[in-house]
Amino acid sequence: MTEEANRRAREREEIATRVANFKATQEKFQREREEYFFATLDNARHSENARHAPERPPLWS
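Numbering follows this note's numbering, in which position 28 of the sequence shown is assigned residue number 18; successive positions increment by one, without gaps.
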């Protein structure tokens, strides 16, 4: 290979590595967002101070 071909091959490898790292980072962020969402949802559902719909009196007494 010529020097130019070697340089291009190295650049392609570097780009592929950067793309793979970026993808891994995005997947990590997605997992963290999902974990946060489910933890927050779970906390809201099991909170002692969770709001309950007020009980309505019967329509006909």
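The beta carbon of each residue, even a glycine, is placed where N, CA and C say it ideally should be.
Note to self: According to DSSP, simplified to helix, strand and coil, what is Leu31?
What the structure shows: Counted from its first residue, the sequence shown places residue 31 at position 41. Collapsing the DSSP output to three states places Leu31 in a helix.
Check: By how many angstroms is the C-alpha of Phe12 removed from the C-alpha of Phe27?
Finding: In the sequence shown, the residue the question calls residue 27 occupies position 37. In the sequence shown, the residue the question calls residue 12 occupies position 22. Taking the CA atoms as reference points, Phe27 sits about 22 Å from Phe12.
Checklist line | Distance between Gln20 and Trp50 (C-alpha atoms, nearest Å) | finding: Taking the sequence shown and counting its residues from 1, one reaches residue 50 at position 60. Taking the sequence shown and counting its residues from 1, one reaches residue 20 at position 30. When rounded, the distance between both Cα atoms is 51 Å.
Check: DSSP state of Glu45, grouped into three classes?
Finding: Within the sequence shown, residue 45 is the residue found at index 55, counting from 1. Reduced to three states, the DSSP call for Glu45 is coil.
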